[in-house]
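J.:
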Amino acid sequence: MFSGAQISLYPMADDFVGVILGALGALDPYRDRLRIETDDISTLLVGPPEVLFPAMRDLFVAAARSGKHCVLSAAVSRGCPGEPDDPICRSDEIGGPAIPLDDRKRAALGAVRSTPSTDQPVAAQFSLYVMGASDHMDEIYGCIDFLKQSGVFDRSKNFCTRLRGDAGAVFATLNEAFCRFGPGAGHVTLDITISANSPTAV
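Position in the sequence shown (from 1) plus 481 gives the number in my numbering.
#1: Counting only the same chain and skipping the five closest in sequence on each side, list residues whose C-beta sits under 8 Å from that of Met493.
#2: Count the other CB atoms within 10 Å of the CB of Phe640; is the residue buried (16 or more) or exposed (fewer)?
#3: Between Lys629 and Gln606, how many whole angstroms is the CB-CB distance? I'm expecting something under 8 Å.
#4: So is Val498 buried or exposed if we call it buried at 16+ other beta carbons inside 10 Å?
#5: Between the C-alpha atoms of Leu533 and Leu515, what's the straight-line distance to the nearest angstrom?
#6: May I ask you to report which of helix, strand or coil DSSP gives Gln630?
#7: If Ser554 and Ile488 are in contact, beta carbons under 8 Å, what's the gap, nearest whole angstrom?
#8: Apart from the five residues just before and just after Pro529, which ones in its own chain have a Cβ nearer than 8 Å to its Cβ?
#9: Can you grab the Cα-Cα spacing for the pair Met482 / Tyr491, in whole Å?
#10: So, under 8 Å CB-CB, Thr670 and Tyr610 are touching, yes? Tell me the CB distance rounded to an integer number of Å.
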């Protein structure tokens, strides 16, 4: 299976280059388990979800610690039939419909509740897309039920769900949504926007 994320980090600051470069060291612990390719639009991270989501979290938290308004935009995908299998993406985390939906929701909630705090509050919105599965709405509704119990659910919006809370719990929730819902060997994507230090009133 192939899994990865195209990510772009946007610090809203005159010194945006300094904020980005200062945050890049947060990826160092993950470099041996990720393939990283950067161009002038985004950075591709290829690897298993249990590495992808902590790497994105740590990069974003490092940038947000600058105190500047920072936004991370990410398109995350697994099982795309147009991508080749890649050994670096092997994961034991992904569990689809072979495991009953209620069991997957319980496991996802347990994983989120055991996640350590980063002491960095964030807001996020995301959409889950389950491709090529006849029961895709059952999977999406199951994910929504999990989100409402996750402790970081804020509200439903048109085309997406809004989350708010500590970055640790928010990224863990996104990881669980990605891994636990949809076919285990199927194509699943997330469209994610995460913000910290926004000047807009809550």
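For every residue, glycine included, the Cβ atom is placed at its ideal position computed from N, Cα and C.
T.: This is what the structure holds:
#1: Lys549, His550, Cys551 and Val552
#2: exposed
#3: Not quite, the Cβ-Cβ distance comes to about 15 Å (not below 8 Å), so this is no contact.
#4: exposed
#5: 8 Å
#6: helix
#7: 7 Å
#8: Ser484, Arg514, Ile569, Cys570, Arg571, Ser572 and Glu574
#9: 30 Å
#10: 5 Å
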